[in-house]
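Input: a single structure, listed below in structure tokens.
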Amino acid sequence: IHTIKPTEELEGEVNLGLGSWGYKKAALNVSGGITDTIRFLLSASAETGEQYEDGDGNTFADQIDNHIADNLISNPSTPKELLFNKKLRGTAMQPAYRDMDAFSKKTVLAKLFWNITDNQELRLSYTGNRSDDILYPSSKMDALYDDSDIFNAEYIAKDLGTYSKELNVQLYQSEVEHPMSTMYRVSATNPANEITHALDTKMQGAKIKNSFDLDNHAMTVGIDYSLRNWDGAYYKAGKRFAKPSSSIDDVDTENIAFFLEDKVKMDKFVLDLGLRYDDTTVTPGHNIVGIDQRDNDYSELNGYIFGTYYADTNTRYFGGFGKSSRVPDAKELYWMASMKTPTGNMIPIGTNDLDATINYEFDAGVELAYDNATFKAKVFYSQLEDYIAYSSVLAANPTVGQYENIDATIYGFELSGTYIATAELYFDYGMSYQRGEKDETSATQLDKDMPEIPPFKFNAAANYDWDESLNFRAELIASDSWSNFDGDIGNNGEQELDAYGILNLKGTKRFGKNFELTVGVDNLFDSTYAVSNTYKDLILLPTGPGDEVMLMNEPGRYVYTNLKYKF
Numbered sequence: 030i031h032t033i034k035p036t037e038e039l040e041g042e043v044n045l046g047l048g049s050w051g052y053k054k055a056a057l058n059v060s061g062g063i064t065d066t067i068r069f070l071l072s073a074s075a076e077t078g079e080q081y082e083d084g085d086g087n088t089f090a091d092q093i094d095n096h097i098a099d100n101l102i103s104n105p106s107t108p109k110e111l112l113f114n115k116k117l118r119g120t121a122m123q124p125a126y127r128d129m130d131a132f133s134k135k136t137v138l139a140k141l142f143w144n145i146t147d148n149q150e151l152r153l154s155y156t157g158n159r160s161d162d163i164l165y166p167s168s169k170m171d172a173l174y175d176d177s178d179i180f181n182a183e184y185i186a187k188d189l190g191t192y193s194k195e196l197n198v199q200l201y202q203s204e205v206e207h208p209m210s211t212m213y214r215v216s217a218t219n220p221a222n223e224i225t226h227a228l229d230t231k232m233q234g235a236k237i238k239n240s241f242d243l244d245n246h247a248m249t250v251g252i253d254y255s256l257r258n259w260d261g262a263y264y265k266a267g268k269r270f271a272k273p274s275s276s277i278d279d280v281d282t283e284n285i286a287f288f289l290e291d292k293v294k295m296d297k298f299v300l301d302l303g304l305r306y307d308d309t310t311v312t313p314g315h316n317i318v319g320i321d322q323r324d325n326d327y328s329e330l331n332g333y334i335f336g337t338y339y340a341d342t343n344t345r346y347f348g349g350f351g352k353s354s355r356v357p358d359a360k361e362l363y364w365m366a367s368m369k370t371p372t373g374n375m376i377p378i379g380t381n382d383l384d385a386t387i388n389y390e391f392d393a394g395v396e397l398a399y400d401n402a403t404f405k406a407k408v409f410y411s412q413l414e415d416y417i418a419y420s421s422v423l424a425a426n427p428t429v430g431q432y433e434n435i436d437a438t439i440y441g442f443e444l445s446g447t448y449i450a451t452a453e454l455y456f457d458y459g460m461s462y463q464r465g466e467k468d469e470t471s472a473t474q475l476d477k478d479m480p481e482i483p484p485f486k487f488n489a490a491a492n493y494d495w496d497e498s499l500n501f502r503a504e505l506i507a508s509d510s511w512s513n514f515d516g517d518i519g520n521n522g523e524q525e526l527d528a529y530g531i532l533n534l535k536g537t538k539r540f541g542k543n544f545e546l547t548v549g550v551d552n553l554f555d556s557t558y559a560v561s562n563t564y565k566d567l568i569l570l571p572t573g574p575g576d577e578v579m580l581m582n583e584p585g586r587y588v589y590t591n592l593k594y595k596f
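For the sequence shown, my numbering begins at 30 and goes up steadily by one.
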């Protein structure tokens, strides 16, 4: 991820934004040189927003109420049905919090770049986020706060010799605190019943890489190290559960990797190659009595080969094959549910003997450029070994986790391009399609469709430049209905989502060199639609006998304006 760099000359901007549902944002960016060798950047913002309404005029609280009303068991006759209705009603917003804001957020970004010498540079940066009272309407809990701090230090030395065109040394640390709570829900009307799931994580890392040229080879070699700790526990009325109480028990994920990259230029052909060897150890705290959480070690050699052929100045063909891997995270391996067995033991959701997921992927495509148009097409085919899948069927056995390894395939295509109709009018468009299938069904994976694979999507926009200071954009975003989804009722629980199309409009006017005003409206026709499906790994609100989960609608018509002042 490449973020903005400090400028040499002093400059900045002030942004003020307003939008529907009480959205307000103010931001300030200042950048420039302190001396000839030291530059700085400072950015700060604050924003808040009320609960948005979907196309039917329902707020977050309304959508939860509708979900409850649709799924309460009529005339419950068994203790299990009575308990289910009680729990479902308990997910509603308390009257005192029903109209509370959806979130508030403050951020700050600071950077300092120091040119030590003509060929040496030190870069320091800090990013902080403080978010409070973030509502998660389709979950059982909301975030009391979400605080994060990211520190980064980077040393760059250039032209050190024949075998060091650029040496880069990076150190970083990130920390996140994220407690989820039932405080605002009916289940915690009595404060003594308030449940909090407190999570925090800390990651530290270092990377050293050296780049050099050798004949027609541009090479990079390096070493990468990281250590992540993830810890979580359950609290009731501010007091930690009686042991065992850990949700994720002080898990360390330690990784060391060695990598090599090479770019080979051969006339019209460019070949990119890479190799990376990863050794990863995942170690839990072993503090949960009665639960055997084993250590896990993973090692894998990954790599890729990618070629680009420049047929002429307007035509580029590309294709490649690669292998990559992902180790399971602490949640997938060791996460424990808040509920306990009658004997007082916690119930595992994570499965502590998962294998790493291996991805073999082939990509190919073409890019074309004309006097008044561009076009890009890409296809891909991905074979996944030991994909980490969730299955609520496994929840019937309280001694094993609810994740498992399966083999699967994902393939699809993307098309995108631009067309300049006149000096004032131009268009851009894009479309994509993916299909995912498990290699076979099983007692715990009854549907061959892969979860979280969106259907065909399309976007197109018309841009009109009235003059150098005034331009307009009209954008259409559309999606086909979900005809292929992991809809195994009682297990993974995805739902058939309707097709949708929304129209967004935006206009920008510049006043001289300093002021810029933007006015826009998203979802002009106030459509009711949903983008994210209901795969149960997301821990959404449960329903009744069908055991589907709550579907969350996107915002309805959203009107906004932004005023920017540059100096």
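Cβ coordinates follow ideal geometry from the N, Cα and C atoms, glycine included.
Item, Value
"In DSSP terms, what H226 is bridged to", "M209 and Y263"
"Beta-carbon spacing of V293, N239 below 8 Å", "no"
"6 Å Cβ shell around Q202 - same chain, five flanking residues per side excluded", "F180 and Q233"
"Beta-carbon proximity of G84 to G549, cut-off 8 Å", "no"
"Euclidean distance between Cα positions of D94 and L330", "50 Å"
"Cβ pair count under 8 Å reaching 3, the segment 180 to 192 against the segment 215 to 227", "no"
"Residue burial classification, L70 (beta-carbon count within 10 angstroms, cutoff 16)", "buried"
"Closest residue to I531 among Y558, E525 and K542 (Cα-Cα distance)", "Y558"
"Local conformation of N148 per DSSP, three classes", "coil"
"Span of the beta strand (DSSP E) around Y5", "The chain is shown from 30 up to 596; residue 5 falls before or after that span and cannot be answered."
"Backbone CA spacing between P166 and T563 [nearest angstrom]", "13 Å"
"Span of the alpha helix (DSSP H) around A507", "Taken as a continuous stretch (DSSP letters only), A507 belongs to no alpha helix (DSSP H), being part of the beta strand (DSSP E) at L499 to S508."
"For Y155, the nearest candidate out of T146, A73 and D147 (CA to CA)", "A73"
"Spatially closest choice to D301 from F287, Y333 and I317, by CA coordinates", "Y333"
"Alpha-carbon spacing of N492 relative to I482, whole angstroms", "30 Å"
"Contacts around A340, its chain only, beta-carbon distance under 8 Å, and the 5 residues preceding and following it disregarded", "K297 and Y346"
"CA-to-CA distance, T66 to D130, given in whole angstroms", "45 Å"
"Inter-residue spacing [alpha-carbon to alpha-carbon] between G573 and E466", "Residue placement at G573 cannot be trusted, given a pLDDT of 49 that sits under 50; what the coordinates show is reported in the next sentence. Their Cα atoms are separated by approximately 28 Å."
"6 Å Cβ shell around E443 - same chain, five flanking residues per side excluded", "K407 and S461"
"Nearest to A139 (by Cα), restricted to the options I145, L153, R127 and N148", "L153"
"C-alpha gap between E11 and S411, whole angstroms", "For the chain, the structure presents residues 30 to 596; residue 11 sits outside this window and is missing."
"Proximity below 8 Å, CB of K538 to CB of S498", "yes"
"From F596, T590 and Y594, residue whose alpha carbon lies closest to that of L47", "T590"
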